[in-house]
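Trainee:
There are 2 protein chains.
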Amino acid sequence: MSEHQLLPLLTGPPPERRDAARNREALLVAARELVERDGVQAVTMDAVAAAAGVGKGTVFRRFRSKEGLMAAVLDHSETEWQRLLLFGPPPLGPGAPPWERLVAFGRSRLETTLLHADLIRAAGAAGTRSSAAYSLVAMHVRYLLAELGVTGDLPLLATALLAPMEIPILDQQLHNDGFPIDRVHAGWVDLARRIVGDAAPPR
Amino acid sequence: MSEHQLLPLLTGPPPERRDAARNREALLVAARELVERDGVQAVTMDAVAAAAGVGKGTVFRRFRSKEGLMAAVLDHSETEWQRLLLFGPPPLGPGAPPWERLVAFGRSRLETTLLHADLIRAAGAAGTRSSAAYSLVAMHVRYLLAELGVTGDLPLLATALLAPMEIPILDQQLHNDGFPIDRVHAGWVDLARRIVGDAAPPR
DNA sequence: ATAGAAAACGGACCATGGTCCGTTTCGTCC
DNA sequence: GGACGAAACGGACCATGGTCCGTTTTCTAT
Chain Z
1 MSEHQLLPLL TGPPPERRDA ARNREALLVA ARELVERDGV QAVTMDAVAA
51 AAGVGKGTVF RRFRSKEGLM AAVLDHSETE WQRLLLFGPP PLGPGAPPWE
101 RLVAFGRSRL ETTLLHADLI RAAGAAGTRS SAAYSLVAMH VRYLLAELGV
151 TGDLPLLATA LLAPMEIPIL DQQLHNDGFP IDRVHAGWVD LARRIVGDAA
201 PPR
Chain A
204 MSEHQLLPLL TGPPPERRDA ARNREALLVA ARELVERDGV QAVTMDAVAA
254 AAGVGKGTVF RRFRSKEGLM AAVLDHSETE WQRLLLFGPP PLGPGAPPWE
304 RLVAFGRSRL ETTLLHADLI RAAGAAGTRS SAAYSLVAMH VRYLLAELGV
354 TGDLPLLATA LLAPMEIPIL DQQLHNDGFP IDRVHAGWVD LARRIVGDAA
404 PPR
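Chains Z and A are the protein sequences, given in the same order. Each residue of the first sequence is one higher than the one before, counting from 1 in the working numbering. Each residue of the second sequence is one higher than the one before, counting from 204 in the working numbering.
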């Protein structure tokens, strides 16, 4: 029988060859280890290739660029946080009223972003934008805003709420301006309150 | 007389040697030309050095890095816009009521940022942050907010209003999400209205 | 004008991200 | 199991940003 695809199931992207999958995994492990040990900056692609026992070309075929590789590492690091967001205890996880969830989200996201700051920077555009991670976060904020009865262009309002949490802006506020973290967080809550408007609880 | 500094006037940074000044100017001219002709991406530091008729080391001593050089070019490009902001006709320039000035600022800044997008990206941290250009913009927004009677942490609110105008966020909205420019601008005005609150004119 | 120190110069050199292409491995079909 | 095409491999190679250090220019003081 030449038609092996009996059931046209989910026609996703073509499957990965076994050696390819093995190398991807080896590279991710090696990259995580090196990043943890030496810091993102000090990790070279040659080093990752060597540590994984593959050629340099393979690294780039799998991950396109250093940004791509770092984005993959970052994605792994953020998984635990995403789990807490979706299934963890309130107020970050489901169960608390939306405003409390939003405030908890703000603080938690701020801390997580700072924790992974180097990785996020190194992942560049491949990291924040377009990755599943970002979509999830944006969707979550849109959902909370809707839940709070906010009217208007929700996708844009969500973006406006997320923009001040981006690394370049945080760097500016914390390092250039010298604002303490608590002030930045308080500012974010204030912004959220103004965006949410009447639907926010009285202070 | 060994004390040449008769009048201690403005003790600014030590003056620049004549050859240094000449080379800085030559480099800026060369860089501007090459950037305009070939686009930021295609311009190499070697090419700039050659075009300016100086050694490569000189380029890096003057501007630290490619980012630094691009920041300098950008600064020059933004000068005209700054002049319009400070001294041009209303509603962008002085003379119009603060809310009208704020809205005009939003549109104009959005357009200018997109116009210089490549340069801003290439200037990286050296470009937006810390440069005089950014300080001026932030100060202007703080001023308008104060003028509108906004209460709260003005520096943070100004940041919140500027953050969605940063290149990474705009890229996301225009390219990934595919929003048209007008929608983005409308969203920004809406955000501004929510931040300003009661002090904004009724729609 | 001259000497001497400080600053700037220039281009060979280095590090590293990314590409290319001849060779090897994998999966499939008979 | 063997043959064959497709995909993956690996490491030499390239491009380019950035550094280093011996040489040259500028500035100041006498």
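C-beta atoms are modelled at their ideal positions from N, C-alpha and C, and glycine is treated no differently.
1. Tell me whether H378 of chain A is buried or exposed, calling it buried when 16 or more other Cβ atoms sit within 10 Å of its Cβ.
2. For a cutoff of 8 Å on Cβ pairs, would you count P168 of chain Z as touching chain A?
3. P297 of chain A by DSSP, collapsed to three states: which one?
4. Residues of the segment 216-242 of chain A with a CB closer than 9 Å to any CB of chain Z: list them in chain order, please.
5. Between the Cα of T151 of chain Z and those of A:A224, A:A320, A:R397, A:P367, spot the shortest distance and give me the residue it belongs to.
6. Please work out which residues of its chain come closer than 8 Å, Cβ to Cβ, to F263 of chain A, disregarding the five sequence neighbours upstream and downstream, and give them in chain order.
7. In three-state terms, what does DSSP make of G242 of chain A?
8. Do three or more CB pairs link the segment 64-78 of chain Z to the segment 145-165 of chain Z at distances below 8 Å?
9. Could you name the residues of chain A that G152 of chain Z contacts, counting a contact when the two beta carbons are closer than 7 Å?
10. On the three-state DSSP scale, how would you describe V54 of chain Z?
11. Leaving out five residues on either side along the sequence, give the residues of the same chain with a beta carbon under 7 Å from the beta carbon of S77 of chain Z.
12. Contact between the segment 164-181 of chain Z and the segment 366-380 of chain A is defined here as three or more beta-carbon pairs at a separation below 8 Å; is this criterion met?
13. Should P358 of chain A be flagged as near chain Z, meaning a C-beta pair shorter than 8 Å?
14. Using only CA atoms, which one of Z:V40, Z:E33, Z:R62 lies nearest to A51 of chain Z?
15. Helix, strand or coil for A26 of chain Z? Go by DSSP, reduced to three states.
16. Of all the options A:S338, A:Q244, A:G242, which has the alpha carbon lying nearest to the alpha carbon of D177 of chain Z?
17. Specify, as a first and last residue, the run of the alpha helix (DSSP H) that H185 of chain Z falls within.
18. If you follow the alpha helix (DSSP H) that M70 of chain Z is in, where does it begin and where does it stop?
19. Sort A:P218, A:E239, A:T261, A:P217 by Cα distance to R227 of chain A and report the nearest one.
20. Classify L289 of chain A as buried or exposed, calling it buried when 16 or more other Cβ atoms lie within 10 Å of its own Cβ.
21. Chain Z partners of Q376 of chain A, CB-CB under 9 Å?
22. If P91 of chain Z sits next to R101 of chain Z, beta carbons under 8 Å apart, how far is it from one beta carbon to the other, in whole angstroms?
23. Between Z:A49, Z:V137, Z:W99, which lies nearest to T112 of chain Z when the distance is taken from Cα to Cα?
24. Starting from D171 of chain Z and walking both ways along the alpha helix (DSSP H), at which residues does that stretch end?
25. How big is the Cα-Cα spacing for F308 of chain A and A26 of chain Z?
26. Run down chain Z in chain order and give the residues with a C-beta less than 8 Å from the C-beta of A366 of chain A.
27. Tell me, please, whether the CB atom of D75 of chain Z is closer than 8 Å to any CB atom in chain A?
28. Less than 8 Å between the beta carbons of L364 of chain A and A326 of chain A, yes or no?
29. For a contact meaning CB atoms closer than 9 Å, what does I398 of chain A contact in chain Z?
30. Can you have a look at V332 of chain A and say buried or exposed, based on whether 16 or more other CB atoms are within 10 angstroms of its CB?
31. Cα separation between Y346 of chain A and P301 of chain A?
32. Which value, in whole angstroms, describes the spacing of the CA atoms of L109 of chain Z and S311 of chain A?
Mentor: Looking at the atomic coordinates:
1. Flag for H378 of chain A reads exposed.
2. So, interface residue.
3. Reduced to three states, the DSSP call for P297 of chain A is strand.
4. Residues passing the 9 Å Cβ filter: none.
5. Closest in C-alpha terms to T151 of chain Z, from the list A:A224, A:A320, A:R397, A:P367, comes A:R397.
6. Within its own chain, the residues whose Cβ lies closer than 8 Å to the Cβ of F263 of chain A, once the five positions on either side in sequence are excluded, are M248, listed in chain order.
7. Three-state result, G242 of chain A: coil.
8. Segments in contact, no.
9. Against chain A, a Cβ distance below 7 Å from G152 of chain Z picks out D393.
10. Looking at V54 of chain Z - three-state DSSP - the assignment turns out to be coil, as it is neither helix nor strand.
11. Short of 7 Å from the beta carbon of S77 of chain Z, and not among the five residues preceding or following it, lie these beta carbons of its own chain, in chain order: H116, L119.
12. Contact holds between the segment 164-181 of chain Z and the segment 366-380 of chain A, because three or more Cβ pairs, one in each stretch, are under 8 Å apart.
13. Cβ-Cβ to chain Z under 8 Å: yes for P358 of chain A.
14. The shortest C-alpha separation from A51 of chain Z is found at Z:E33.
15. DSSP places A26 of chain Z in the helix class (H, G or I) of the three-state scheme.
16. That would be A:S338, whose Cα lies nearest to the Cα of D177 of chain Z.
17. Boundaries of the alpha helix (DSSP H) harbouring H185 of chain Z: 181-196, taken from the DSSP string.
18. Taken as a continuous stretch (DSSP letters only), the alpha helix (DSSP H) holding M70 of chain Z covers 66-87.
19. Among A:P218, A:E239, A:T261, A:P217, the Cα nearest to that of R227 of chain A belongs to A:T261.
20. By the Cβ-count criterion, L289 of chain A is exposed, with fewer than 16 other Cβ atoms from all chains shown falling within 10 Å of its own Cβ.
21. In chain order: P155, L156, T159.
22. The C-beta distance from P91 of chain Z to R101 of chain Z rounds to 5 Å, short enough to fall under 8 Å.
23. Out of Z:A49, Z:V137, Z:W99, the CA that lies nearest to the CA of T112 of chain Z is found in Z:V137.
24. Where D171 of chain Z is concerned, the enclosing alpha helix (DSSP H) stretches over 167-171.
25. Using only the alpha carbons, I get a separation of about 51 Å.
26. Result: A160, A163, P164, E166, I169.
27. D75 of chain Z does not count as touching chain A.
28. Taking the C-beta atoms as reference points, A326 of chain A is found no nearer than 8 Å to L364 of chain A.
29. Within chain Z, the residues near I398 of chain A are L191, R194, I195.
30. Just to set this straight, residue 332 of chain A is Arg in the shown sequence, not Val. So R332 of chain A ends up on the buried side.
31. Near 9 Å, if we compare the C-alpha coordinates of P301 of chain A and Y346 of chain A.
32. It should be noted that the sequence gives Arg, not Leu, for residue 109 of chain Z. Their Cα atoms are separated by approximately 32 Å.
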